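Numbering of the sequence shown is given in my numbering, commencing with residue 46 and proceeding in unit increments. Ideal placement from N, C-alpha and C gives every residue a C-beta, glycine not left out. Only a predicted model underlies this, so the values are computations on that prediction, with no experimental measurement involved.
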Amino acid sequence: MTEPPGAGSADHLCWVHDDDEAFDAAVREFLAGGLAHGERLLCVGARAIATLDGADAHLGDVAGLRAGGVLETMTVAEAYAAAGPLAADRQRAFYDAATNRALADGYRGLRVVADLSELAAAPEHRDELVRWEQVADELMASGSGMSAMCAYRGDLPAAVLGNVLAVHPLVHGPSHLTPFQLFFDDDRLALAGSVDTFSADRLAALLASTPRGSVAVLDLTDLEFVDVAGCRALAGWAAAHPAGGAPLEFRGASALLRRAWRLLGLDEVAPVTFAEPLVVAEA
């Protein structure tokens, strides 16, 4: 993406930034969309909060929004570390409760901007941070009423940025950092882009850390390319996936992927059901 999306109730955007002026403009536009949509706003992290200075042209009376509880701010420590070490399940409960409070107060949802560079810079937080991003994506896709822009500095290690970009449905960042995206879409998991020998290990790791819950469908409609290594990563995940005894459904897989699946004998390792993509009727 080159600019933030219009207001939506389940946006989950990853924004990698290395230009202060452009980042300030993007955050203000994202928040303004939420304000116009009737959402409560929350800025987390010093860099995200700094974008509010001089933001009156986008948001109106920022001081008044803060005083009225429409706009709230928190440090990374307050939002993520106050209850102890970073834990995805605890963060889900925190944001779920904050969203429910916003809904109870009459807002249409909660729109969050969080600069998580501070957490991503610490090696001990990185695995759990990616898992939290996946849990957050599931929360937003479920229709909770929360939407978020997750921001990361562009000088973080490429592998770190590649992982967080890969688990967002909407991304702004260097395209070479990850060739695919793995994210939730309503009640199904979706894989888009391309997977080959060089990215198959990343896919396998991200699939393994994805919240499993009731996920029974992997939507491959927007998967443009997958090689043998990518197929094996999918098969390894499918074989370990607890689906209540029923095979996973691979929806929208290409004819080439289906053929490779049979030729490689992956249907014996991980039997899956192949289904056609959903056809959305025009209004």
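Between which two residues does the alpha helix (DSSP H) carrying residue i extend?
{"i": "D65", "result": "D65 to A81"}
{"i": "A330", "result": "Only positions 46 to 328 of the chain appear in the structure, and residue 330 is not among them; the question remains open."}
{"i": "V205", "result": "A203 to A211"}
{"i": "H103", "result": "D101 to L104"}
{"i": "A124", "result": "Unbroken run through A124: none, as it is neither H nor E."}
{"i": "A320", "result": "Unbroken run through A320 is the beta strand (DSSP E), V317 to A320; no alpha helix (DSSP H)."}
{"i": "R277", "result": "V273 to A285"}
If you draw a straight line from the C-alpha of residue i to the C-alpha of residue j, how long is it?
{"i": "P292", "j": "A261", "result": "8 Å"}
{"i": "E269", "j": "S299", "result": "9 Å"}
{"i": "V212", "j": "D106", "result": "34 Å"}
{"i": "E321", "j": "H286", "result": "21 Å"}
{"i": "A143", "j": "A124", "result": "11 Å"}
{"i": "V216", "j": "W60", "result": "6 Å"}
{"i": "D69", "j": "Y140", "result": "24 Å"}
{"i": "L323", "j": "R303", "result": "17 Å"}
{"i": "A329", "j": "V158", "result": "Examination of residue 329 is not possible in this model, given that the chain is present from 46 through 328 alone."}
{"i": "A330", "j": "D312", "result": "Beyond the ends of the chain as shown, which are 46 and 328, falls residue 330; an answer cannot be given."}
{"i": "A147", "j": "A91", "result": "22 Å"}
{"i": "G78", "j": "L210", "result": "22 Å"}
{"i": "A328", "j": "A55", "result": "Any reading at A328 must be qualified, since the residue scores a pLDDT of 47, below 50, and its modelled position is unreliable; the value itself is stated next. Cα to Cα, the separation comes out at about 21 Å."}
{"i": "A237", "j": "T223", "result": "11 Å"}
{"i": "T255", "j": "L308", "result": "28 Å"}
{"i": "G114", "j": "A245", "result": "45 Å"}
{"i": "G207", "j": "L174", "result": "13 Å"}
Would you call residue i buried or exposed, if buried means 16 or more other Cβ atoms sit within 10 Å of its Cβ?
{"i": "T318", "result": "exposed"}
{"i": "T47", "result": "exposed"}
{"i": "R247", "result": "buried"}
{"i": "L86", "result": "buried"}
{"i": "E183", "result": "buried"}
{"i": "G99", "result": "exposed"}
{"i": "L116", "result": "buried"}
{"i": "L58", "result": "buried"}
{"i": "L301", "result": "exposed"}
{"i": "T242", "result": "exposed"}
Can the beta-carbon of residue i be found less than 7 Å from the beta-carbon of residue j?
{"i": "G297", "j": "L265", "result": "yes"}
{"i": "E84", "j": "R198", "result": "no"}
{"i": "V180", "j": "R137", "result": "yes"}
{"i": "A280", "j": "V314", "result": "yes"}
{"i": "L227", "j": "L251", "result": "yes"}
{"i": "V121", "j": "E169", "result": "no"}
{"i": "R176", "j": "A204", "result": "no"}
{"i": "V271", "j": "V240", "result": "yes"}
{"i": "A71", "j": "P50", "result": "no"}
{"i": "D160", "j": "A196", "result": "yes"}
{"i": "R153", "j": "H82", "result": "yes"}
Note the first and the last residue of the continuous beta strand (DSSP E) segment covering residue i.
{"i": "R171", "result": "It is not in any beta strand (DSSP E) - R171 instead sits in the alpha helix (DSSP H) that spans R171 to A186."}
{"i": "E48", "result": "E48 -> no beta strand (DSSP E), and no H or E assigned at all."}
{"i": "E84", "result": "Note, E84: premise wrong, no beta strand (DSSP E); not H, not E."}
{"i": "R153", "result": "That residue, R153, is in no beta strand (DSSP E); it is neither H nor E in DSSP."}
{"i": "V216", "result": "L215 to H217"}
Taking CB distances under 7 Å as the criterion, tell me whether residue i reaches chain D.
{"i": "L148", "result": "The structure shown contains no chain D, having only a single protein chain."}
Inter-stretch contact (C-beta, 8 Å, three-pair minimum) for the segment 229 to 244 and the segment 180 to 197: yes
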